[in-house]
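Working notes, beginning with the structure itself.
Residue numbers (this note's numbering): 1 to 414.
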């Protein structure tokens, strides 16, 4: 709130701080500034921001680098580092303090190298030197590995230790090279060309961590091109995980550390033996299943062939004929028995109808002289000659008397 006191304007604290901040904002020099100094009171906050102080021999300034810019930082900011901070200077209104808002940080003396690094990276990238299509596959079961690094130091020792632990049968060949300073890039190139002419399966180039000046040999264009053109697959293991050189982009694979390079290049003998054991067991099981399946199939084929063989066909036909013959014999016997029964019935019927059969029962056949059958007394006359036919012969008789019987008497006698 503004008010007048004894003719003078009175301002609040926030108004003063805001006024001062606007002065900083309007100052073009402070909105785009680079400040050189030594890092002090460096703190990495859980939010990802970095709070630190930049000082020289007589003065200091508070600085903050927000997390969105920290992700682009090429190294870890630490106490005592001499750096160049790029950003803007403004006022933090709440505390009434001005501070540096860092957007980029480079180590002092390394700025030109970083600029050259970025220029080379962009040019080689546009040329296609880093394309994935150029990269070769790292052999899964390499037995001879060439290492281009310093003959002394932790790099070769770490690679040998990891290699021996993973597979004592893999051979590690060292080409001693200068990995820092003048002529370092050329000795690494010579090592790459030497191993390219041998029967090694994979090449590892590497060295320990360091500043951009220490690692600059691995940013030399001649070495980068030698790595990209090498007919053998190359693993680059230069510096620590946060260090990235142009040879890392050109190599067929990048390892964060030399030990990691050995892990990638050397296959685990124990793991391979376990895999072979598992594969052997699986193969044996599959073979047994195949054999069982083929045995079952063969048994079916044998059964089918046995049913289709001429001998089996003849045997089956014989059995069929025997069964058919037995069936026919049964049917014939049944037919004959039935016919005999029917014949017996017919015989009995014929007996009832046959005159001779009746004659055998004591009856006789009466006929006149003309042979006409006499079956009634009304057909007779006294003195008439008749012929009597018996079962065993004939006899001639003459009618002497005749007597007619009443129908009722006849029925009673019968």
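Quick reminder that beta carbons are idealized off the backbone N, C-alpha and C, glycines included.
- Beta-bridge partners of residue 237 (DSSP): 206.
- Put simply, the backbone Cα of residue 159 is about 32 Å away from that of residue 106.
- Inside the region 354-404, DSSP marks whole beta strand (DSSP E) runs of 3 or more residues at positions 365-368, 385-390, 393-398, from first to last along the chain.
- By the C-beta criterion, the region 155-171 is judged not to be in contact with the region 186-198, since fewer than 3 inter-stretch pairs fall below 8 Å.
- Listed as beta-bridge partners of residue 144 by DSSP are 171.
- A Cβ-Cβ contact shorter than 8 Å links residue 35 with residue 100.
- Pairing residue 204 with residue 265 gives a Cβ-Cβ distance under 8 Å.
- Boundaries of the alpha helix (DSSP H) around residue 290: 269-308.
- Between residue 70 and residue 87, the CB-CB gap reaches or exceeds 8 Å.
- Assignment of beta-bridge partners to residue 63 by DSSP yields 52, 100.
- Judged by pairs of C-beta atoms under 8 Å, the region 213-233 does not touch the region 278-295, as fewer than three such pairs exist.
- Boundaries of the alpha helix (DSSP H) harbouring residue 160: 154-166, taken from the DSSP string.
- Distance from residue 202 to residue 139 at the Cβ level is roughly 6 Å; contact confirmed, criterion being Cβ atoms closer than 8 Å.
- The C-beta distance from residue 228 to residue 134 rounds to 6 Å, short enough to meet the 8 Å contact threshold.
- Going by DSSP, residue 221 is part of the alpha helix (DSSP H) stretching over 221-229.
- The beta carbons of residue 39 and residue 89 sit no closer together than 8 Å.
- Residues 38, 39 of the same chain have their beta carbon placed closer than 7 Å to that of residue 80, with the five preceding and five following residues left out of the count.
- Judged by DSSP in its simplified three-state form, residue 33 adopts strand.
- Beta bridge pairing from DSSP links residue 179 with no other residue.
- Secondary structure at residue 9: strand, using DSSP grouped into helix, strand and coil.
- Residue 179 places its beta carbon less than 8 Å from that of residue 207.
- Restricting attention to 67, 131, 50, 218, the CA atom closest to the CA of residue 244 is found in 218.
- Taking the Cβ atoms as the reference, residue 223 lies roughly 10 Å from residue 238, outside the contact range of under 8 Å.
- Of 77, 91, 46, the smallest CA-CA separation from residue 61 is found for 91.
- Closest by C-alpha distance to residue 388, out of 377, 404, 369, 401, is 369.
- Note that the C-beta distance between residue 129 and residue 250 is below 8 Å.
- In the DSSP assignment, residue 91 falls within the unbroken beta strand (DSSP E) covering 82-92.
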